[in-house]
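Residue numbers (our numbering), protein chains in the order written: chain E, 8 to 522; chain P, 8 to 522.
There are 2 protein chains.
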Amino acid sequence: MSVESGRVRKARGGGREARRALRENAKVEAAPYIQRKIPYTEILGEEALVTIENNADTILKEIGIEFRDDQEVLDLWKDAGADVQGERVRFEKGMLREILKTAPSEFTQHARNPDRNVVIGGGNTVFAPVYGPPFVRNLDEGRRYGTIEDFNNFVKLAYMSPYLHHSGGTVCEPVDLPVNKRHFDMVYSHMRYSDKPFMGSVTASERAEDTVEMCKVLFGAEFVDQNAVTINLINANSPMTFDDTMLGALKVYARNNQACIVTPFIISGAMGPVSPAGTLAQALAEGMAGTALTQLIRPGAPVVFGLFSSSMSMLSGAPTFGTPEPTMVIAAATQLVRRLGIPLRSGGSLCTSKEPDAQAAYESAQSIWPVVMCGVNFALHSAGWLEGGLVSGYEKFIMDADQLGMMQKISQGIDMSEEGQAMDAIREVGPGMHYLGCEHTKRNFETAFYPSTVANYDSFEQWEAEGSLDAEQRANKIYKKMLNDYEAPAIDPATDEAILAYIAKRKEGFPDSNV
Amino acid sequence: MSVESGRVRKARGGGREARRALRENAKVEAAPYIQRKIPYTEILGEEALVTIENNADTILKEIGIEFRDDQEVLDLWKDAGADVQGERVRFEKGMLREILKTAPSEFTQHARNPDRNVVIGGGNTVFAPVYGPPFVRNLDEGRRYGTIEDFNNFVKLAYMSPYLHHSGGTVCEPVDLPVNKRHFDMVYSHMRYSDKPFMGSVTASERAEDTVEMCKVLFGAEFVDQNAVTINLINANSPMTFDDTMLGALKVYARNNQACIVTPFIISGAMGPVSPAGTLAQALAEGMAGTALTQLIRPGAPVVFGLFSSSMSMLSGAPTFGTPEPTMVIAAATQLVRRLGIPLRSGGSLCTSKEPDAQAAYESAQSIWPVVMCGVNFALHSAGWLEGGLVSGYEKFIMDADQLGMMQKISQGIDMSEEGQAMDAIREVGPGMHYLGCEHTKRNFETAFYPSTVANYDSFEQWEAEGSLDAEQRANKIYKKMLNDYEAPAIDPATDEAILAYIAKRKEGFPDSNV
């Protein structure tokens with residue numbers, strides 16, 4: 008049973024009428040994913056790119072990549088012609104690029120509301136919320152462990168935020184639920200409380216299987232086999248290692264034609280060299296091996312090159328974000344991965360700050376501009392990230408989402424139409440006069456300037472009279488109002504019941520566990 | 008008497024020995040101005056650039072520019088072949104570009120410490136502090152009017168901040184001094200409390216004359232006539248108008264071979280159309296006319312194309328900063344002005360926020376990345392700007408200066424040397440291990456990552472134990488320590504006395520006035 012068959016005169020199979028009805032039903036404003044209209048910002052020249060590519064090839068051939076505790080994967084590599092010694096796999100130059108030729112340069116990830124489908128790859132950028140924090144933070148309560156209620160809240164906020172194109176995955180860890188069962192509630196939350204595309208569970212291969220099964224209920228089994236309806240985060244154990252947990256999930260998703268993001272996870276100084284060029288060569292080697300593996304499992308399966316890049320505080324050992332070195336790594340990675348011909352994922356609005364203060368904002372801005380200007384295709388952690396990824400922040404989510412709208416507007420470039428050129432306005436107004444009342448202004452003022460939801464533009468006196476609220480205090484009011492105003496997108500009750508029935512049956516099967 | 012002759016064995020005329028002695032005397036760390044090593048970020052294609060250039064030519068030819076209350080300027084234009092009708096001056100296509108051929112594409116602005124000289128133009132970027140606010144703000148006192156003590160403090164902070172390459176101009180208005188005399192104290196402050204290059208007074212032609220005379224005392228009359236020792240902010244009264252105050256100062260500086268920044272000052276919706284393409288055409292027309300005028304006064308005089316671009320809140324009427332439209336305008340302007348062949352000035356770390364919160368930081372980051380990535384040559388307002396330019400913020404100054412260091416590091420691109428490639432580290436460490444103790448890390452960790460002065464990278468527990476200070480609170484401590492540690496750069500006592508004697512004599516000449 009497909010979601011598209013839901014609620015609407017029993018129109019089965021996702022017909023045109025059903026889609027229109029669902030569209031009309033959608034009450035929240037949503038911007039489509041970014042289809043850029045501006046050139047890419049680049050920081051490396053041809054010679055530097057070739058040097059890094061050659062270094063990656065050297066790493067792959069001389070050092071190799073370890074695939075741990077997974078004989079099936081080692082056999083796949085052996086059959087493909089790689090040099091397999093124990094768990095170490097080495098690759099001749101050109102081999103992985105050849106294998107990757109079957110990977111699509113871009114693909115559609117389907118949402119249950121087809122208007123929310125996103126195209127990942129090419130000149131497109133998709134913003135997804137923060138992923139993974141065990142803690143949440145808001146102004147009223149400070150920092151505490153996340154719950155499934157928080158999880159649902161972040162799904163709802165992403166659903167209501169026009170510039171979040173994606174519902175994300177583990178928007179926070181619902182620590183109140185047992186580890187071995189919380190994936191059901193998380194996947195269900197995305198399915199039920201949003202109609203945007205989402206991410207599946209990767210923490211064990213059977214949880215990946217559950218995700219796929221739940222998607223089959225929602226989208227129909229045949230549709231799932233032929234289309235990406237989930238995208239899934241597979242981290243490498245950098246340096247140059249993949250473990251069996253991640254490989255298990257990767258195999259499930261690739262086999263089911265679901266998108267994998269294979270991500271070198273590099274905190275420079277710990278999991279990679281302290282230099283950007285070294286980090287890039289290692290990341291390119293790891294990412295090429297991991298993404299190519301999906302093509303051995305199912306040629307043509309959608310796959311995304313991931314890159315998580317951070318510096319390290321040499322004083323505290325903490326990962327640092329929004330600093331110049333990761334900015335340069337991400338910028339260069341967009342160039343390298345475009346040459347590889349597959350989509351690139353990276354963060355996001357990353358920061359190290361413990362609270363949504365100026366540090367958080369500077370760091371997040373320093374993280375998000377290269378994403379958009381250099382052309383990252385899938386930007387995880389685009390809203391809500393705090394404290395190096397330990398915390399999902401409510402107010403931070405609202406502030407970041409506002410910035411995403413600004414970056415989306417920049418990605419569309421300057422309107423060079425006749426109306427954009429505004430020569431009639433310049434002629435009408437003339438020297439020494441003002442544009443406030445001219446015809447062109449009257450025609451355009453409502454849409455001319457990006458309307459920030461968080462920024463305060465009042466006079467000092469008015470701002471002071473209204474309590475001198477800072478950005479965090481204003482964002483606090485905004486997220487509460489959004490949650491208060493939230494209305495769930497419609498879903499076919501029978502589909503909903505079927506998903507819940509699947510979950511109930513599976514949960515019965517085994518006792519709670521926190522592993 | 009030259010500053011270079013000061014203090015050092017009476018070595019006259021700026022000899023090698025004198026320079027070395029001054030260098031050794033300099034106790035504060037300073038980064039040289041940015042000489043970029045990365046490509047320019049561009050947002051417009053060739054066709055769009057030509058369209059905007061043609062529109063600017065149309066404005067210049069059909070509408071023209073008004074030069075008000077200045078017959079000398081109108082006569083200069085008539086002699087140069089422009090069509091002068093009353094105060095309206097119209098230009099044939101190509102005329103201004105022809106006149107601008109005598110303007111240098113880059114020039115050196117000299118500082119009294121030659122190590123602090125900056126080259127303005129080409130692939131260089133110079134960061135200068137905030138200019139013009141009547142108010143100051145700090146965490147302890149909030150917002151209040153600025154004084155000469157505040158002015159001196161900001162000069163000292165800029166002197167001590169390695170990534171501020173310039174001492175700036177009106178770092179805040181010293182409202183405690185009479186309007187007609189405060190320029191003496193401001194120029195003296197830059198000369199005495201810093202050894203970085205600075206800006207002169209532009210609020211009346213006789214104040215510009217005073218600036219030049221004081222420079223002659225400091226640098227020597229002949230040196231001043233042959234070299235730029237000041238750079239001076241001449242704002243247009245947009246749209247398409249220059250007034251006699253600004254023209255008066257422009258004439259004084261250009262005649263004395265001092266650099267003028269001729270700046271279309273456009274809040275879109277008020278002084279320009281609400282669209283970026285319209286704003287750009289108008290700005291290009293105004294800026295070409297204003298910069299070309301300097302070449303009629305003294306061919307070869309250094310001149311900079313300025314651009315102040317802001318959107319307008321259609322609710323409050325306030326100028327807004329750090330929004331997408333000005334980002335696009337500045338990015339496009341770098342392309343247009345590079346084609347014109349003269350340097351470009353713009354802001355800076357601009358924001359609308361009343362305090363240094365997340366709004367201020369997001370807005371400032373959105374303002375400064377295009378400056379560096381797109382290649383603005385002179386970035387005024389790079390540190391300390393708050394509340395749309397009404398306030399110079401102490402804590403904001405410290406935060407911004409930290410960000411400038413990050414952008415400067417990015418401007419230098421990725422180190423592609425063998426050490427930067429770090430292949431020895433990757434070979435040494437191998438799969439599954441870590442880089443913390445490897446030789447490459449040991450050799451490089453001290454300089455590998457940009458050391459933020461403001462960001463806190465401690466664990467949550469430690470940060471909480473130490474009082475949960477936010478970025479503003481930390482910056483508050485930093486600026487106070489800097490002012491406490493400040494030591495004035497050496498100056499020849501005779502030169503200092505001569506400057507003070509000039510000021511004393513001139514101040515005697517006329518009574519206090521607040522006009």
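In this text, a Cβ means the ideal position worked out from N, Cα and C, and glycines have one as well.
These numbers were taken from a predicted model, which means no experiment stands behind them.
query                                                                                                                           : result
Coarse secondary structure for E/Ser316, derived from DSSP in three states                                                      : strand
Boundaries (first-last residue) of the alpha helix (DSSP H) holding P/Gln428                                                    : Glu425 to Gln428
Cutoff 8 Å: E/Thr248 Cβ touching any chain P Cβ                                                                                 : yes
Chain-order list of residues whose beta-carbon lies under 8 Å from that of P/Arg27 (same chain, five-residue window excluded)   : Because the pLDDT at P/Arg27 is just 48, under 50, the model does not fix this residue reliably, and the point stays unresolved.
Contacting residues, own chain, Cβ-Cβ under 8 Å from E/Leu397 (five flanking each side not counted)                             : Pro140, Pro141 and Phe142
Residues sharing a beta bridge with P/Met206, DSSP                                                                              : P/Ile238
Secondary structure of E/Val336, DSSP reduced to three states                                                                   : helix
Best match in P/Glu94, P/Val209 and P/Ala340 for proximity to P/Ile50 [C-alpha to C-alpha]                                      : P/Ala340
Supposed close pair P/Asp76, P/Asp251 - CB separation, criterion 8 Å                                                            : 4 Å
Amino acids of chain E, ordered along the chain, whose beta-carbon sits closer than 7 Å to that of P/Asp477                     : Glu362 and Asp364
Span of the alpha helix (DSSP H) around E/Ile59                                                                                 : Glu53 to Thr65
Reduced DSSP secondary structure (H/G/I, E/B, other) of E/Cys267                                                                : strand
C-beta contact flag for E/Glu402 and E/Asn145 at 8 Å                                                                            : yes
Rounded Cβ spacing between P/Phe205 and P/Thr248 (contact assumed at less than 8 Å)                                             : P/Phe205 to P/Thr248, Cβ: 28 Å. No contact.
Closer than 8 Å at the beta carbon, the chain E residues around P/Pro438                                                        : Ile70, Gly71, Ile72, Glu73, Arg95, Pro246, Met247 and Thr248
Proximity below 8 Å, CB of E/Phe134 to CB of E/Ser459                                                                           : no
First through last residue of the alpha helix (DSSP H) which encompasses P/Asp226                                               : The sequence given here places Phe at residue 226 of chain P; Asp does not occur at that position. Residues Ser212 to Phe226.
Presumed contact (8 Å Cβ cut-off) between E/Tyr509 and E/Met167, rounded CB distance                                            : Contact flag wrong, Cβ pair sits at about 27 Å.
For E/Met193 and P/Gln373, believed in contact at Cβ under 8 Å, the rounded distance                                            : Not confirmed; about 33 Å, so no contact.
P/Tyr152 - partner residues in DSSP beta bridges                                                                                : P/Phe142
Contact list for E/Asp465 against chain P, beta-carbon separation under 9 Å                                                     : Ser320, Leu322, Ser323, Ala325 and Lys361
8 Å Cβ cut-off: residues of chain P touching E/Glu394                                                                           : Phe467
Best match in P/Gly130, P/Gly88, P/Gly227 and P/His447 for proximity to P/Pro525 [C-alpha to C-alpha]                           : Summary: the structure shown does not reach residue 525 of chain P, with chain P confined to residues 8 through 522, and so no result is reported for it.
Validate contact between the segment 342-357 of chain E and the segment 309-318 of chain E using beta carbons, cut 8 Å, 3 pairs : yes
Any chain E beta carbon closer than 8 Å to P/Asn62                                                                              : yes
Buried or exposed by the 16-neighbour rule on C-beta atoms within 10 Å, applied to P/Gln233                                     : exposed
According to DSSP, residues forming a beta bridge with P/Arg97                                                                  : P/Asp90
Reduced DSSP secondary structure (H/G/I, E/B, other) of P/Arg352                                                                : strand
Collapsed DSSP secondary structure at E/Leu29 in the structure displayed                                                        : Confidence is the limiting factor: at E/Leu29 the pLDDT is only 47, short of 50, which leaves the residue's position unreliable, though a coordinate-based value still follows. E/Leu29 falls in the helix class under three-state DSSP.
Chain P contacts made by the segment 270-287 of chain E, where a contact means CB separation under 7 Å                          : Gly276, Ala277, Met278, Gly279, Pro280, Val281, Ser282, Pro283, Ala284 and Gly285
Where the beta strand (DSSP E) containing E/Leu399 begins and where it ends                                                     : Going by the sequence as given, residue 399 of chain E is Ser instead of Leu. Taken as a continuous stretch (DSSP letters only), the beta strand (DSSP E) holding E/Ser399 covers Val398 to Gly400.
Residues that DSSP places opposite P/Asn131 in a beta bridge                                                                    : P/Gln42
Proximity to P/Lys108 [Cα-Cα], best of P/Glu60, P/Thr132 and P/Pro306                                                           : P/Pro306
Candidates E/Leu343, E/Ile337 and E/Asp364: closest to E/Gly355 by CA position                                                  : E/Ile337
DSSP-derived helix/strand/coil call for E/Thr327                                                                                : strand
Three-state secondary structure assigned by DSSP to E/Ile50                                                                     : coil
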